[in-house]
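Student: Top line first, the protein sequences correspond to chains A and B. Heads up: the first sequence begins at -11 in the working numbering, then just goes up one per residue. Heads up: the second sequence begins at -11 in the working numbering, then just goes up one per residue. Positions of the beta carbon are idealized from the N, C-alpha and C atoms, including for glycine. Below: one structure in structure tokens.
2 protein chains.
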Amino acid sequence: MGTVSRVLNGSVNVSADTRQKVTAAIAELGYVPNLVARSLAANRTGLIAAIIPAIGYTQHSEVIQGMADVLHAHGMNLMIGASGYSDEVELQIIDAFLARRPDAIYVTGVRHSEAIRSTLERSGIPVIEGSNLTNNPIDTVVGYSNFDASVELTRLLIDRGHRRIWHVTGAKDFNDRIDDRLAGFHWLASTCNGFEADVIRCENSFEGGAEAVRQTLASVDKVEAMCFATDVMAVGGLLECQRRGVDVPGRLAITGFDDLTIAASINPSLTTVKVDRVGLGRKAAEIIVDRLQGNNQLPHIVDVGFEIIERQSTRQ
Amino acid sequence: MGTVSRVLNGSVNVSADTRQKVTAAIAELGYVPNLVARSLAANRTGLIAAIIPAIGYTQHSEVIQGMADVLHAHGMNLMIGASGYSDEVELQIIDAFLARRPDAIYVTGVRHSEAIRSTLERSGIPVIEGSNLTNNPIDTVVGYSNFDASVELTRLLIDRGHRRIWHVTGAKDFNDRIDDRLAGFHWLASTCNGFEADVIRCENSFEGGAEAVRQTLASVDKVEAMCFATDVMAVGGLLECQRRGVDVPGRLAITGFDDLTIAASINPSLTTVKVDRVGLGRKAAEIIVDRLQGNNQLPHIVDVGFEIIERQSTRQ
DNA sequence: GAAACGATTGGAAGCGCTTCCATGATTTGT
DNA sequence: ACAAATCATGGAAGCGCTTCCAATCGTTTC
């Protein structure tokens, strides 16, 4: 038993001869190691837990895709849960996951309830926060600055000559990513003279974006640009402009955020912020794998960056 | 120890008094049961494995979302893997998952390599195949008839007076779902007189759909309708028509498949086939839960149905 | 009031591995 | 050639639970 275990775990202290025999026996018997027993004995499960707000949304599931790829290559597997943007549900899922003794845990965002934060801190395993940045991670954060990206995107609109810009965002306290985008917008606005900054909130959906366009066009005679906090809303807005014959970007410039694949295809194509989400997931998984192999010299703040992609919706 | 276990598992044979004491002690000590040990002892992990072609695609991740919701409500958790449409990778993932002794496994589609099929058959756990139908499931299939849906969709185009229809599909043998859609199209075509059926293959992407439109318009002077095997291709095609000023549905009727959210918002809105994917996932999970609770009287072929949604892209 | 019974409870075995330890085999140094 | 060190191997303990069994206790029945 001891020797078989050594063979399976690739220990050095096994003679080539014995290894051969054991391997043959394993093949002949069709023996499949029981990883549950291994997990218990070795105090290491090879399971990684990941919690995202919603599995059905590309922005989040692409991160998971990246993680799954890297983890699978290292013999580890992913457990996944969806919080539905609820702190309460998220805590429940975290508790359920921790009872399964994962080797590490990934959570989306950097703003958590006190209960969640303390649970994660006491978990004793690597905790990766993703999709945003913070100076004060629970353990390690892998993301990009939603604040900076929003600043750069808004600056692009200003550079194009716009002096009145509407920032369209989701419900209050919906999540830290869009809050930081709004904060970046506000910050830049406060540094500019003769600049009119407005904010409108709507549902994060195509219809929400469309509604935002309708409201905005109805309430003021002159709107120069709308800076949507997500591509979903921006595309919804763009399509509403198509329907109403509003010239984009002639009458109204539009920007999004996320670079969904539709952003490049729609007419006019959409200026947005691109983030390599699959890469972010891969990076998170690589850090986890590294940490579990004993590397404690890893950075705790990992910026995967972003890229402003200017397309037709802002180019006159 | 025995008694504590009985309390935790809600056994009947514990006095209210003892239960009270144990519960209090658990709360005070902040004891968290180790589900790994439980899994080993009880020979039941409470883990469900799910394999989909790609996690980042809404069509598949929505199913996972539905499963995760139901499973979480029953104290079970999801392990997830992505095959990237490769039989080889899929088998690797299945093997890796089975070593973790999941209580059930979900796989996408009903056409599998011989190795995969036999591995699943011998696994000894409930196997759910999803997103299509077959008369010969490995164990249980939860899905809808891609064949029938395609027939109905094509019939709608014929009813609208179209006599030349292009079916746009993906690469050969890409997956059983789009193959069945093509088969449905062919079958209906073969029953109609004076009907011209063409097939074109392209990449399953917006750009692929656009390319299909370009090729089709260039090669023939009269095309009446294009029936795309997926909404992604259809939307790509529709946007290409926008760019070229091709009137949809006046000059060219277009249909998709999947009812992605964009289908309802795009201009003109897209006629497509709607499937409740989250519901499909929920149903699959409910069957799993039921089976694990010992119910063996469940149907092995579960049709969750589909709905043809006619929108502007086919309505003259 | 004694026998019989069912409801509770504690204890031990065991789930299938990993890991430590002791033993024996082999190699190295001198 | 011999002692010391190194390596390979089998065996046993133990990971933290569940579950079975036997023992205990309070009740009911006649």
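For B/D127 and A/S3, I'd like the C-alpha separation in whole angstroms.
Tutor: Taking the straight line from one Cα to the other gives about 44 Å.
Student: Could you please tell me which residues of the region 19 to 41 of chain B, in chain order, have their CB closer than 7 Å to any CB of chain A?
Tutor: Under the 7 Å Cβ criterion, the region 19 to 41 of chain B contributes V20, P21, N22, L23, V24, A25, S27, L28 and T33.
Student: Take every Cβ of the region 187 to 198 of chain A, pair it with every Cβ of the region 221 to 236 of chain A, and state whether three or more of those distances are shorter than 8 Å.
Tutor: A contact exists between the region 187 to 198 of chain A and the region 221 to 236 of chain A.
Student: Considering Cα atoms alone, identify which of B/G131, B/Q47, B/V(-8) and B/M214 is closest to B/R148.
Tutor: Taking only the C-alpha atoms, the option nearest B/R148 is B/M214.
Student: Once you ignore the five residues that flank A/L(-4) on each side, which residues in its own chain have a CB closer than 7 Å to its CB?
Tutor: P21.
Student: Check the Cβ-Cβ distances between B/R105 and every residue of chain A, and say whether any is below 8 Å.
Tutor: With 8 Å as the cut-off, B/R105 does not count as an interface residue toward chain A.
Student: Among the residues of its own chain, which have a CB less than 6 Å from the CB of A/R99, if the five just before and after it don't count?
Tutor: The residues are D164.
Student: Distance, Cα to Cα, A/N255 vs B/G238?
Tutor: So the two alpha carbons sit approximately 20 Å from each other.
Student: Between which two residues does the beta strand (DSSP E) containing A/F216 stretch?
Tutor: Taken as a continuous stretch (DSSP letters only), the beta strand (DSSP E) holding A/F216 covers A213 to F216.
Student: Can you list the residues of chain B that A/T142 reaches, using a CB-CB cut of under 9 Å?
Tutor: Within chain B, no residue comes near A/T142; the closest Cβ sits about 25 Å away, beyond 9 Å.
Student: At 3 residues or longer, what runs of the beta strand (DSSP E) sit wholly inside the region 110 to 146 of chain A?
Tutor: Entirely contained in the region 110 to 146 of chain A, the beta strand (DSSP E) runs reaching 3 residues are, in chain order, 115 to 118 and 128 to 131.
Student: Any heavy atom of the ligand PLP closer than 7 Å to the Cβ of A/G267?
Tutor: Ligands displayed in this structure: none; no statement on the ligand PLP is therefore possible.
Student: To the nearest angstrom, report how far apart A/K271 and A/P114 are at their CA atoms.
Tutor: In a straight line, the C-alpha of A/K271 is about 14 Å away from that of A/P114.
Student: Looking at the secondary structure, which residues open and close the beta strand (DSSP E) in which B/T243 lies?
Tutor: Segment A241 to T243, the beta strand (DSSP E) holding B/T243.
Student: Evaluate A/Y19 with the Cβ neighbour count: other Cβ atoms within 10 Å of its Cβ, from every protein chain shown; 16 or more gives buried, anything less gives exposed.
Tutor: Its Cβ having fewer than 16 others within 10 Å, A/Y19 is exposed.
Student: Go through its chain and collect everything with a Cβ distance to A/R(-6)'s Cβ below 7 Å, but skip five positions before and after it.
Tutor: Same-chain partners within the cutoff: N1 and V2.
Student: Report the rounded CA-to-CA distance for A/N283 versus A/V277, giving the unit in angstroms.
Tutor: When rounded, the distance between both Cα atoms is 9 Å.
Student: Taking C-beta pairs closer than 9 Å, name the residues in chain A that B/M67 reaches, listed in chain order.
Tutor: Neighbours of B/M67 on chain A, chain order: L35, N65, L66, M67 and I68.
Student: According to DSSP, is B/I166 part of a helix, a strand, or is it coil?
Tutor: Note: B/I166 maps to helix in three-state DSSP.
Student: Listing by chain order, which chain B residues have their CB less than 7 Å from the CB of A/A177?
Tutor: In chain order: nothing, as chain B lies at least about 30 Å away.
Student: Can you list, in chain order, the residues of its chain with a C-beta nearer than 8 Å to that of B/I93? Leave out the 5 residues immediately preceding and following it.
Tutor: Around B/I93: I36, A37, A38, I39, I82, F85, L86, L108, S111, I113, P114, V115 and I116.
Student: Of the residues that make up the region 244 to 258 of chain B, which ones have a beta carbon closer than 9 Å to any beta carbon in chain A?
Tutor: So the close ones are T249, I250, A252, S253, I254 and N255.
Student: In chain order, which continuous runs of the alpha helix (DSSP H) of length 4 or greater are located wholly inside the region 11 to 37 of chain B?
Tutor: The qualifying runs are 23 to 30.
Student: Give, in chain order, every residue of the region 214 to 233 of chain B whose Cβ lies closer than 9 Å to some Cβ of chain A.
Tutor: Per Cβ criterion, the list reads V220, V223, G224, L227, E228, Q230 and R231.
Student: With a cut-off of 8 Å, does the C-beta of A/I43 fall near any C-beta of chain B?
Tutor: Judged by the 8 Å Cβ criterion, A/I43 is in contact with chain B.
Student: Which residues in chain A sit within 9 Å of B/I153, going by Cβ to Cβ distance?
Tutor: Within 9 Å Cβ-Cβ: nothing; B/I153 doesn't reach chain A, min ~24 Å.
Student: Which value, in whole angstroms, describes the spacing of the CA atoms of B/R151 and B/T260?
Tutor: Whole-angstrom Cα-Cα distance: 19 Å.
Student: Quick one: Cα of B/R169 to Cα of A/F135, how far?
Tutor: Looking at the two C-alpha atoms, the distance is approximately 45 Å.
Student: Alpha carbon to alpha carbon, how far is B/T157 from A/D209?
Tutor: In a straight line, the C-alpha of B/T157 is about 46 Å away from that of A/D209.
Student: Assign B/P287 to one of two classes, buried (16 or more other C-beta atoms within 10 Å of its C-beta) or exposed (fewer than that).
Tutor: The residue in question, B/P287, is exposed, as its Cβ has fewer than 16 Cβ neighbours within 10 Å.
Student: Thinking C-alpha only, which one of B/G34, B/V263 and B/I146 is nearest B/E295?
Tutor: Of the candidates B/G34, B/V263 and B/I146, the one whose C-alpha sits nearest the C-alpha of B/E295 is B/V263.
Student: To the nearest angstrom, how far is the alpha carbon of A/E199 from that of B/L23?
Tutor: Going by the C-alpha atoms only, they are around 48 Å apart.
Student: Taking the beta carbon of A/S207 as the centre, do at least 16 other beta carbons fall within 10 Å, making it buried, or is it exposed?
Tutor: Classification of A/S207: exposed, given that the 10 Å Cβ count is below 16.
Student: Find the nearest neighbour of B/S71 within the set A/S138, A/D246 and A/H60, judged by alpha-carbon distance.
Tutor: Cα-wise, what sits closest to B/S71 is A/H60.
Student: Return no unless some Cβ of chain B is closer than 8 Å to the Cβ of A/A4.
Tutor: Not closer than 8 Å to any Cβ of chain B, the Cβ of A/A4 fails to qualify, so no.
Student: Taking the straight line between their C-alpha atoms, what separation do you get for B/D219 and B/G34?
Tutor: Rounded to the nearest angstrom, the two C-alpha atoms are 36 Å apart.
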